Amino acid sequence: MQSYRERGAFEKEGAQLVLIGQATPRHAAHFRRRQGIDLTVLADEKRRSYKAAGAKVATLNELVGPKVMAKGLISSMRSRQPQGRTIGHPAQLGGTMIIGRDGSVAWSHMSEDASDNATPEEIVAALRGI
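Here the numbering used here runs 20 ahead of the position in the sequence shown, where the first position is 1.
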């Protein structure tokens, strides 16, 4: 949800933040309500967008290895929000993509493990470089 909190910086660069989750439309709507976010959340229960983007399915170490657990604990303490219930394939990793107006991928960061997420600063820098 760090990206949601920083969405103003993305919008300042002319970008719109959209989330895609491996969920049903009902789960996506529940997520929006539970998180209290005013944001487009798309549902991709079959994970077609994940496959098209090249997102990988994590190994056990990429999900719960020491590095991942340490970063997850720090993140939960900072946000004061524990990890919620996983919907969909528990080992599916995601990523961040900037899609151009023409539909092409202008920039992407695909997660190497469960703790590997693009920072808002990296995303803003990528937006500025496009």
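Think of the CB as a built atom: it goes at the ideal place given N, C-alpha and C, for glycine as much as any other residue. Computed from a predicted model, the values in this text were never measured in an experiment.
**OP:** Excluding the 5 residues preceding and the 5 following L33 in the sequence, name in chain order all residues of the same chain whose CB lies nearer than 8 Å to its CB.
**Re:** First, the residue type needs correcting, since residue 33 is Glu and not Leu in the sequence shown. Same-chain partners within the cutoff: V144, L147 and R148.
Original post:
Could you give the C-beta distance for D133 and V77, rounded to a whole number, given that I count them as a contact under 8 Å?
Top reply: Between V77 and D133 the Cβ distance is about 12 Å, and since that is not below 8 Å, they are no contact.
**OP:** Count the C-beta pairs between the stretch 109–121 and the stretch 62–79 that are closer than 8 Å, then say yes if the count reaches three, no if not.
**Re:** yes
**OP:** Ignore the nearest five residues each way along the sequence and tell me which others in W127's own chain have a CB closer than 6 Å to its CB.
**Re:** I118 and A146
Original post:
Roughly how many whole angstroms lie between the Cα atoms of A138 and Q22?
Top reply: 10 Å
Subject >> DSSP beta-bridge partners of H129 >> reply: T116
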